[in-house]
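> Each residue of the sequence shown is one higher than the last, beginning at 0 in numbering that gives the first Met the number 0. Even glycine gets a Cβ: it sits at the ideal position worked out from N, Cα and C. If you scroll down you'll find the structure; I have some questions about it.
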Amino acid sequence: MLRTSPTTFRPVDVRTALREFAFNTRRREDAPPEVAAILKWVERNALTMAAWEDPAKVDEVLRAVGSKLDGTRAAASSVKRNRRILNVAMEYAVKHRILRANPLPKGRGAVPKTSSAVDKRSLLNPEQAARLLGWVRRRPRGGRRLYAFFATMYYAGPRPEEVVAMDVADVRLPDEDAEDQWCELLFHTAQPEVGKNWTDDGEIHEERGLKGRASDDTRVVPGHPSLTRILREHMKAESLKPGDLLFQGEKGGMLAGSVIRRAWRRARAEVLTAEEFASPLGKRVYDLRHTCLTNWLNAGVPPAQVAEWAGNSVPVLLAIYARCTSGQLRDLKQRIENWGDLPKTLA
């Protein structure tokens, strides 16, 4: 909260100075002179914490966190996230006796409702998935590598940050002449992108445990025979050894998220019809995971087993995918019909 809007500095420069330096303890002391000047101006013009005792100021802040920079309303999920972060800051201030009480309103209606359910329109059918992955495979630069990456998500349903963290040793392939050609994938680490300015070692990725699990937890997921074939060909083509990363960048090292997203966007633009491209269909790489988990549920795999393979709890799984199940209506109708009619009674 500022007393006045900046006139000497552009608003975007003020936001950048705060985000990249003031809020980053690793870089705070290394701010260049032009950034330091902006931060000193902010310090002089910032309101004191007493401003939080003014309901009008609180309402002003809440309107800001609920809006985009152009003044239009932000998505409900963004508003909810912003409010959650702001609430953490307020609770910190109360805990350290900077504020007497949390000034943010509580109760029903204080935060916009959001739905975690997957949009069915984002799911890929087999023909659409084949077209997209086929285009990626034919891509001159790293196409086969990215094809294997996307196929792993489509057939085994991991999160992208779990796939980039996989080593060759995390894949157990059957013998080529074995009757059972299902493979096994071991997930034990995630490498989400958090930005090199926010990691201790200056790397873009930060090594973490699996989402929502203990730091040393693991999960084993079966891999479809088609995935077995794809991964076997990938390992041979890349001459990978057990200790190598399963999916590497062009110069070795971890596969960059920007490369993954760029290839997927290009595939959608090249393969999908204009109507499909404008729709939510496969708009995010993550939709490959959603498609896989939905396919498992629709194939009749018990939700508890799908949740285990996906790294979710059963309640979370059902909340996300309940609207996406299909193909079971006829069987369900038959079960209900088997109850029979009420027995006829004499008039």
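Using alpha carbons as the reference points, say which of P224, R18, V64, V93 lies closest to A177.
Ranking P224, R18, V64, V93 by Cα distance to A177 puts P224 first.
> List the DSSP bridge partners of Q247.
M253.
> Fully enclosed by the segment 84-155, which alpha helix (DSSP H) runs are 4 residues long or longer?
Entirely contained in the segment 84-155, the alpha helix (DSSP H) runs reaching 4 residues are, in chain order, 125-136, 142-155.
> Starting from F186 and walking both ways along the beta strand (DSSP E), at which residues does that stretch end?
Its beta strand (DSSP E) spans residues 182-186.
> For the segment 284-296 against the segment 169-176, do three or more pairs of beta-carbon atoms, one drawn from each stretch, fall closer than 8 Å, so that the two count as touching?
Touching, no.
> Using DSSP bridges, identify the partner residues of L1.
Answer is A45.
> Helix, strand or coil: how does DSSP classify R261 here?
Three-state DSSP puts R261 in a helix.
> Just how far apart, CA to CA, sit K361 and S312?
Any answer about residue 361 is impossible in this case: the structure gives the chain only from 0 up to 346.
> With which residues is G347 paired in a DSSP beta bridge?
Beyond the ends of the chain as shown, which are 0 and 346, falls residue 347; an answer cannot be given.
> Where does V87 land, buried or exposed, given buried means 16+ other C-beta within 10 angstroms?
Classification for V87: exposed.
> Under 7 Å between C-beta atoms, does Q333 make it to chain B?
Chain labels in this structure do not include chain B; a single protein chain is all it has.
> Only counting the same chain, and skipping five residues up and downstream in sequence, which positions put a Cβ closer than 6 Å to that of W241?
The question names Trp, but residue 241 in the sequence shown is Pro. Within the same chain, P241 has close Cβ partners V167, A168.
> May I have a chain-ordered list of the beta strand (DSSP E) segments no shorter than 3 residues that lie completely inside the segment 272-327?
Correct list: empty.
> Across the segment 131-147 and the segment 254-272, are there enough close Cβ pairs to call them in contact, namely three or more that are closer than 8 Å?
Yes, the segment 131-147 touches the segment 254-272.
> With the cut-off set at 7 Å, would you say A150 and L226 are in Cβ contact?
Yes. Within cutoff.
> So K56 is in the alpha helix (DSSP H); what residue range does that whole segment cover?
K56 -> alpha helix (DSSP H) spans 54-64.
> Given this structure, state the Cα-to-Cα distance separating F8 from V34, to the nearest angstrom.
Cα to Cα, the separation comes out at about 10 Å.
> Excluding the 5 residues flanking A73 on each side, which residues of the same chain have their C-beta closer than 7 Å to its C-beta?
Taken in chain order, the residues that qualify are G65, S66, K67.
> Looking only at its chain, what residues have a beta carbon closer than 7 Å to the beta carbon of Y146, apart from the 5 residues adjacent to it on each side?
The residues are L132, V135, R136.
> I believe I37 touches V11 by the beta-carbon criterion, under 8 Å. Please report the beta-carbon distance rounded to the nearest angstrom.
Actually they do not touch by this definition, with Cβ atoms about 11 Å apart.
> Using the Cα positions of W338 and A75, report the straight-line distance between them to the nearest angstrom.
Between W338 and A75, the C-alpha separation is close to 43 Å.
> Going by DSSP, what residues sit across from V170 in a beta bridge?
In DSSP, V170 forms a bridge with L184.
> If you follow the alpha helix (DSSP H) that D176 is in, where does it begin and where does it stop?
Counting along the chain, D176 falls outside any alpha helix (DSSP H), and DSSP gives it neither H nor E.
> Helix, strand or coil for A379 per DSSP?
Nothing in the structure corresponds to residue 379, since the chain is present only between 0 and 346.
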